[in-house]
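Colleague: Questions regarding the structure given below will be posed in turn.
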Amino acid sequence: MTQTADLPRAVAAAVRDARRILVLTGAGMSAESGVPTFRDAQTGLWEAFDPSQLATPQAWRDDPPFVWAWYAWRIKLVRDVEPNAGHRALADLAALREVTVVTQNVDDLHERAGSEVAAHLHGALTELRCADCHTQYDDAPALPDEPVERLAPETCAACGGDVRPGVVWFGEMLPEEAVRTTEDAIEALAPGDVCLVVGTSGIVFPAAGYPAMALAKGATVIEVNPVETDISDMCHHVVRGTAANVLPELVGAVADDPG
Ligand SMILES: NC(=O)c1ccc[n+]([C@@H]2O[C@H](COP(=O)([O-])OP(=O)(O)OC[C@H]3O[C@@H](n4cnc5c(N)ncnc54)[C@H](O)[C@@H]3O)[C@@H](O)[C@H]2O)c1
Ligand SMILES: [Zn+2]
Numbered sequence: 000m001t002q003t004a005d006l007p008r009a010v011a012a013a014v015r016d017a018r019r020i021l022v023l024t025g026a027g028m029s030a031e032s033g034v035p036t037f038r039d040a041q042t043g044l045w046e047a048f049d050p051s052q053l054a055t056p057q058a059w060r061d062d063p064p065f066v067w068a069w070y071a072w073r074i075k076l077v078r079d080v081e082p083n084a085g086h087r088a089l090a091d092l093a094a095l096r097e098v099t100v101v102t103q104n105v106d107d108l109h110e111r112a113g114s115e116v117a118a119h120l121h122g123a124l125t126e127l128r129c130a131d132c133h134t135q136y137d138d139a140p141a142l143p144d145e146p147v148e149r150l151a152p153e154t155c156a157a158c159g160g161d162v163r164p165g166v167v168w169f170g171e172m173l174p175e176e177a178v179r180t181t182e183d184a185i186e187a188l189a190p191g192d193v194c195l196v197v198g199t200s201g202i203v204f205p206a207a208g209y210p211a212m213a214l215a216k217g218a219t220v221i222e223v224n225p226v227e228t229d230i231s232d233m234c235h236h237v238v239r240g241t242a243a244n245v246l247p248e249l250v251g252a253v254a255d256d257p258g
């Protein structure tokens with residue numbers, strides 16, 4: 000996607016003047032690293048399958064090797080890509096301001112760019128655990144070189160159960176600690192602070208409700224997304240550009256004038 004960010008001065012000023020910045024990121028954050036979003040057309044083997052049907056406890060119960068093949072491919076895909084300029088800019092911003100990163104992403108690209116992630120609301124791809132007894136699985140799983148339609152999950156050493164990815168599936172509870180950390184970060188916001196919402200469609204709750212909670216605390220809410228979303232209307236500022244274009248420009252503007 001090539002789109003030049005047109006960064007309004009008011010946006011740079013809001014970030015420059017903020018004491019705290021809460022950054023909420025979604026799948027769009029990693030799109031320019033080559034990790035497709037859920038709404039982007041699924042390609043290849045999984046073209047015909049909707050992720051909202053693959054990423055469910057029911058799908059896993061019905062056919063673990065089918066679901067595991069999809070995740071094994073995603074784990075490999077994420078392992079083979081790099082953080083983009085947007086991830087790196089957010090890591091740089093933490094040297095300038097008090098930054099809290101909360102992500103819906105299950106990849107580790109923020110961490111690999113040097114950010115500390117306060118909460119992975121939807122878990123992490125590589126935090127594997129037994130689907131039956133929940134024992135953590137620390138070995139490296141066997142990953143396919145090419146997408147395959149079915150792949151036997153790894154086996155739990157404790158009970159022989161199937162090992163599943165540590166992601167939150169549709170219909171499952173979010174990790175309590177991640178939610179608490181996020182709510183505390185929102186609670187700490189005050190007028191003049193900023194909530195920066197990057198690359199999320201604002202559809203999946205409860206994450207989709209956090210910008211409104213930040214707004215209620217008096218924070219300035221800024222959206223970075225190439226297209227309109229369900230939260231665009233309530234934002235103080237909307238920057239129609241991509242994460243890798245907008246964020247370096249934004250952080251550059253703050254760094255040039257540290258205030
Ligand atoms: N990388 C990942 O970890 C990953 C990837 C796909 C899906 N998911 C999961 O998908 C679920 C869906 O929610 P979601 O809101 O995160 O994703 P989503 O797929 O619903 O929405 C992605 C949003 O990103 C925007 N976008 C696309 N390219 C962008 C770019 N280059 N820069 C900025 N924005 C861009 C889109 O316009 C869209 O609004 C989440 O639960 C998440 O865990 C995660
Ligand atoms: Zn087990």
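Residues 0 to 258 in numbering that gives the first Met the number 0 are what the sequence shown lists, from first letter to last. Glycine included, every Cβ here is placed at the ideal spot set by N, Cα and C.
1) Could you check the C-alpha separation between HIS119 and ALA206 for me, to the nearest Å?
2) For PRO58 versus PHE65, is the C-beta distance shorter than 9 Å?
3) Count the other CB atoms within 10 Å of the CB of ARG18; is the residue buried (16 or more) or exposed (fewer)?
4) Is the segment 105-123 close to the segment 164-176, with three or more CB pairs under 8 Å?
5) Using the beta carbon as the reference atom, which residues fall closer than 6 Å to any heavy atom of ligand 2, ordered along the chain?
6) Enumerate in chain order the residues of its own chain whose CB-to-CB distance from SER32 is below 7 Å, with the five nearest sequence positions on each side excluded.
7) Which residue from LEU89, ARG179 and LEU127 puts its Cα closest to that of ALA156?
8) Taking 8 Å as the cut-off, is the C-beta of GLY208 nearer than that to any heavy atom in ligand 1?
9) Can you tell me whether DSSP reads PRO205 as helix, strand or coil?
10) Compute every distance between the C-beta of GLU31 and the non-hydrogen atoms of ligand 1, then say whether any falls below 8 Å.
Modeller: Reading it off the structure:
1) Here residue 119 refers to the residue found at position 120 when the sequence shown is read from its first residue. Here residue 206 refers to the residue found at position 207 when the sequence shown is read from its first residue. Rounded to whole angstroms, HIS119 to ALA206 spans 11 Å at the Cα level.
2) As a working mapping, residue 58 is identified with position 59 in the sequence shown. As a working mapping, residue 65 is identified with position 66 in the sequence shown. Sequence check: residue 58 is Ala here, not Pro. Yes; because the gap between Cβ atoms is below 9 Å, this pair is in contact.
3) Taking the sequence shown and counting its residues from 1, the one referred to as residue 18 is at position 19. Exposed, by the Cβ-count rule.
4) yes
5) CYS129, ASP131, CYS132, THR134, CYS155, ALA157, CYS158 and GLY160
6) Stepping through the sequence shown from its first residue, residue 32 is reached at position 33. These residues qualify, in order along the chain: VAL80, GLU81, PRO82, ASN83 and LEU108.
7) Here the question's residue 156 lines up with position 157 in the sequence shown. Looking at the Cα atoms, LEU127 is the closest of the given residues.
8) Along the sequence shown, one-based indexing puts residue 208 at 209. For ligand 1, not one heavy atom lies less than 8 Å from the Cβ of GLY208.
9) Within the sequence shown, residue 205 is the residue found at index 206, counting from 1. In the structure shown, PRO205 sits in coil (DSSP, three-state: anything other than H, G, I, E or B).
10) Here residue 31 corresponds to residue number 32 of the sequence shown, with the count starting at 1. Checking the Cβ of GLU31 against ligand 1 gives yes.
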